[in-house]
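Residue numbers (our numbering): 9 to 134.
Below, the structure is given as structure tokens:
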């Protein structure tokens, strides 16, 4: 089909927009380094926060985030090979609430997120 022949009606455009509009909000590319215990003590939580903060400083000073993730992440699905990469299309509602709250960031940001069982350093791209 020639480029000139590829025309959509207004109804087709609206239908496609409605079909995909929920995917247009709250997407990000996320890399992470995670540290957790199933039932952490306050000492475990503090240790995880200290480590995540140190790693965040190293990443912000230019050290390779992927290398840090491969070495330090406790996420069994993301250790040693993926460099913390969770991929594109990371949408609200897929992970813990703290992740969802940060997905609206439009620029790259490296941060430490904490909840009761999870200390995570994230590198986000909107």
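The C-beta atom is built at its ideal place from N, Cα and C for all residues, glycine as well.
How far does the alpha helix (DSSP H) with residue i in it reach, from first residue to last?
| i | result |
| --- | --- |
| residue 82 | Premise fails: residue 82 is in no alpha helix (DSSP H) and is neither H nor E. |
| residue 53 | 50 to 68 |
Given a cut-off of 8 Å on the beta-carbon distance, is the pair residue i and residue j in contact?
| i | j | result |
| --- | --- | --- |
| residue 76 | residue 59 | no |
Return the Cβ separation of residue i and residue j in integer angstroms, given the expectation that the two are a contact with Cβ distance under 8 Å.
| i | j | result |
| --- | --- | --- |
| residue 74 | residue 91 | 3 Å |
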